[in-house]
Amino acid sequence: MCGIVGYVGNRDVVEVLFKGLTNLEYRGYDSAGMALRDEGEIKIFKTLGKLINLKNELENRKSELIHPVCGIGHIRWATHGSPSLVNAHPHTCNCGRLVVVHNGIIENYKELREELIKKGCKFKSQTDTETIAHLVADEYAKAKNLEIAVRNSVKKLQGAYAICVMHKDVPDVIVGARKHAPMLVGIGENENFIASDTPAIIEYTKKTIYLDDNEIAVVTKDSVKITDIDGNLVNKKVEVLPWEPVALSKLGYKHFMLKEIHEQPDVIRNVLNGKLFDIDSPIILNEVKIDKDILKKLNKIEIIACGTSLHAAIVGKYLIEDFAGISVEVEASSEYIYRKTTTDASTLVIGVSQSGETADTITAIKQAREKKSHVLIITNRPDSNMARLADSLIPVNAGIEVSVAATKSYTAQLMSFYLLALHLAEIKGSLDKEYIKNLKHELIQLPTKIEEILSNTSVIQECARKFSSYKNFIYISRGVNLASAYEGALKLKEISYINATGYPAGELKHGPIAMLDETMPVLSILIPGGITYEKVLSNSEEAKARNAKLIALTSSNDKSLDNLFDIVIRIPSVSEILSPVLTCVPLQLLAYYIAEFLGKDVDQPRNLAKSVTVE
Ligand code: F6R
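Just so we're aligned, residue 651 is where the sequence shown starts under the working numbering, counting upward by one.
So, in structure tokens, the structure goes:
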């Protein structure tokens, strides 16, 4: 979603801000802007659309800039008011002396706006953010101190915000504040940074201070002061970012998505590293901070997540119930938060999130915490808000994921669930020891099998070419791969804008079969050796009888499949229970190649954001 970067120091401010915004670009946005403090003036540059437009604007107006030393930049993903120049950030007060950029949503902006209009404020945009600009200016007129003005203003705001403010009369100072939206300060030598996420600053510094809710940061070239909402100084820990700047490079791949798909074998090795040593040793999962005796008696788990993480959660449910015999409920966070759940202190609540910033999941986790449940977070961002709410934290270590469509973080989440389910099974003694050994042996083989899939993608590309002109798809499966059908369909939808639905194969005949004809490809996921293969095969036959085009994704070598299906995508042999880790890969690639053939913006699909920080 929106992104913020601010800088005070001796480097080329425009370059630092532009680089920072570029590194946040993956989050999704529709306009961009900067405010630069230059020779005592505040100069604003804004454009609609991609950052290249802002670059051109800066280039065209470069004669206006003399020597900027401080600035704030923003990319906006429209919430209040359409994507337009007037709604783009930064926003200003009446006189233009104060500028603000903002991530989040101010829920009481209408009331505040009314009050400010009565005081003579003239609003130019439809945004909630402009309210903050007028409000802080109003408070500044009284307090004559920017830090106090920001503090007094944020006390009046309801909702979520990460803001950065500059004032013409307060040279080379950026004041930042946050509540329910991430914000961090980057510490440098004779320079400091402020940003909504680490990629914005990682090229320049790895030393960071994460602001907590209701904290205010006053940042100058050589000082950072952090206070709480009452003005008390807060002593914050300086943390060192775990990522290298190279994580933000495509390394020769055409898109980040393709690079990230190819990173999956190593990501899996990473997840297993230190947790699964060999098939004879128990899984080491020290991250789970629940007493083993409590785990043994645990009889209910709830998993909450959104989107792709929700699909990983569905696989997680299947595994935990199958391996450990513990009952698991899975729910979209956005639904969980609006109903009366039976969550209590004896429930283990697992939150799954790539970004660790998804607003719905954070709200759900907070609700669970209020009910005294132990909260286990599985996330790719151990530095996130969600991670801070965790009693137990499993970082999935997939490395930064830039493409909006989640790929490697999904496989890393799946692997974390395999480890967790086996860990629970080992504690409970619920699985046969030989069976566990076989599973561990196979888990260790998975990266090599994915490498095999990635080494020859010709059938997947042929399938993409053949089917890229179709307008609708149904993906079907049963059992543990039902989530793979949901996830494959979601990948296709989000990056190619083709309507695709994941469906339980057995449900086809209860409605969707009515839609089948030669214009509707049905993609079936069939893994032999388990209980679902024959049934999914029969459901595919039913689709064929209605003239649907058929695609198979299978580990079967049965040649007769080539007669039934129009295209057969084969993956290496794998047991059904572990197969979601393999089946997701060709489905990611199929979506990728279809989007590529259609000329879509693969890494930054329209209307989507990498982390969804509004409910
Ligand atoms: C799909 C995708 C989204 C996210 C969803 C939740 O490719 O990325 O569906 O999975 O927005 O985000 P996280 O996992 O960050 O909570």
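Ideal Cβ positions, reconstructed from N, Cα and C, are used throughout, including at glycine.
Residue i, enclosing beta strand (DSSP E) - first and last residue
{"i": "I1050", "result": "Segment: none, I1050 is in no beta strand (DSSP E) and carries neither H nor E."}
{"i": "K875", "result": "V874 to T877"}
{"i": "K760", "result": "That residue, K760, is in no beta strand (DSSP E); its alpha helix (DSSP H) goes Y759 to K768."}
{"i": "Y860", "result": "K857 to Y860"}
{"i": "V868", "result": "E865 to V869"}
When the options are compared against residue i, the one with the closest alpha-carbon
{"i": "G1201", "options": "G1180, E1226, L1237 and L1228", "result": "Residue identity differs from the one stated: residue 1201 is Ile in this sequence, not Gly. Of G1180, E1226, L1237 and L1228, the residue nearest in Cα terms is L1237."}
{"i": "A1075", "options": "T1098, T1182, A1241 and K946", "result": "K946"}
{"i": "S1174", "options": "D1167, K1185 and E839", "result": "K1185"}
{"i": "F1215", "options": "I798, A1198, G670 and I1221", "result": "A1198"}
{"i": "I933", "options": "V719, I1103 and I1086", "result": "I1086"}
{"i": "L1070", "options": "T958, I1177 and K939", "result": "K939"}
{"i": "L1132", "options": "N1207, E1144, L1072 and C1234", "result": "C1234"}
{"i": "G653", "options": "Y986, P849 and N1106", "result": "P849"}
{"i": "D863", "options": "V804, D872 and V921", "result": "V804"}
{"i": "V1307", "options": "E839, A831, Q808 and F843", "result": "In the structure as shown, the chain begins at 651 and stops at 1265. Residue 1307 is therefore absent and cannot be evaluated."}
{"i": "A974", "options": "D941, S1080, E889 and F773", "result": "S1080"}
Per DSSP, cross-strand counterpart(s) of residue i
{"i": "M816", "result": "V749"}
{"i": "A1202", "result": "S1174 and V1218"}
{"i": "D788", "result": "DSSP, once it has assigned bridges, lists no residue as partnering D788."}
{"i": "G1152", "result": "Y1125"}
{"i": "P1045", "result": "T1029"}
{"i": "S977", "result": "K950"}
{"i": "M833", "result": "None, per the DSSP bridge assignment."}
{"i": "L998", "result": "I951 and H1024"}
{"i": "I692", "result": "R687"}
{"i": "N842", "result": "V658 and I837"}
{"i": "K1250", "result": "DSSP output for K1250 lists no bridge partner at all."}
{"i": "L1211", "result": "Its beta-bridge partners do not exist; DSSP assigns none."}
{"i": "D1003", "result": "As written in the sequence, residue 1003 is Ser, which differs from the Asp given in the question. Looking at the DSSP assignment, S1003 forms a beta bridge with T1029."}
{"i": "E889", "result": "T858"}
{"i": "V825", "result": "V815 and V868"}
{"i": "H741", "result": "V750"}
{"i": "G809", "result": "I756"}
{"i": "I725", "result": "G653 and A682"}
{"i": "A982", "result": "A955"}
Integer-rounded CB distance, given that residue j should sit under 8 Å from residue i
{"i": "E675", "j": "I725", "result": "7 Å"}
{"i": "V835", "j": "V815", "result": "The pair is not a contact, with the Cβ atoms about 14 Å apart (cut-off 8 Å)."}
{"i": "A682", "j": "A728", "result": "Actually they do not touch by this definition, with Cβ atoms about 12 Å apart."}
{"i": "E714", "j": "K696", "result": "Not confirmed; about 14 Å, so no contact."}
{"i": "G678", "j": "K1260", "result": "6 Å"}
{"i": "G1152", "j": "A1139", "result": "4 Å"}
{"i": "A783", "j": "L748", "result": "6 Å"}
{"i": "A1048", "j": "S1059", "result": "5 Å"}
{"i": "T1204", "j": "L1176", "result": "4 Å"}
{"i": "A845", "j": "G957", "result": "Not really, about 24 Å apart at Cβ, beyond 8 Å."}
{"i": "V921", "j": "M1036", "result": "With a Cβ gap of about 18 Å, V921 and M1036 do not count as contacting."}
Per-residue burial, residue i [other beta carbons within 10 Å of its own, 16 or more giving buried]
{"i": "L775", "result": "Note on identity: in this sequence residue 775 is Ser, with Leu being the wrong assignment. The residue in question, S775, is buried, as its Cβ has 16 or more Cβ neighbours within 10 Å."}
{"i": "R1256", "result": "exposed"}
{"i": "S899", "result": "exposed"}
{"i": "A1195", "result": "exposed"}
{"i": "D847", "result": "buried"}
{"i": "T1057", "result": "buried"}
{"i": "H1024", "result": "buried"}
{"i": "Y988", "result": "exposed"}
{"i": "Q1254", "result": "buried"}
{"i": "E1084", "result": "exposed"}
{"i": "T992", "result": "exposed"}
{"i": "G754", "result": "buried"}
{"i": "K760", "result": "exposed"}
{"i": "N1099", "result": "In the sequence on display, residue 1099 carries Lys and not Asn. So K1099 ends up on the buried side."}
{"i": "I1103", "result": "buried"}
{"i": "N710", "result": "exposed"}
{"i": "L883", "result": "exposed"}
{"i": "H1051", "result": "Residue identity differs from the one stated: residue 1051 is Glu in this sequence, not His. By the 10 Å Cβ count, E1051 comes out buried."}
{"i": "R1031", "result": "buried"}
{"i": "V1262", "result": "buried"}
{"i": "V888", "result": "exposed"}
{"i": "C720", "result": "buried"}
Any non-hydrogen atom of the ligand GDP closer than 6 Å to residue i Cβ
{"i": "T1151", "result": "Ligands displayed in this structure: the ligand F6R; the ligand GDP is not among them."}
Boundaries of the alpha helix (DSSP H) in which residue i is found, first to last residue
{"i": "T1011", "result": "A1009 to E1020"}
{"i": "H717", "result": "Neither: H717 is in no alpha helix (DSSP H) and is coded neither H nor E."}
{"i": "L1232", "result": "P1230 to F1247"}
{"i": "A1133", "result": "L1132 to S1146"}
{"i": "M907", "result": "F906 to H912"}
{"i": "K772", "result": "No alpha helix (DSSP H) holds K772; DSSP gives it neither H nor E."}
{"i": "Q1063", "result": "K1058 to K1078"}
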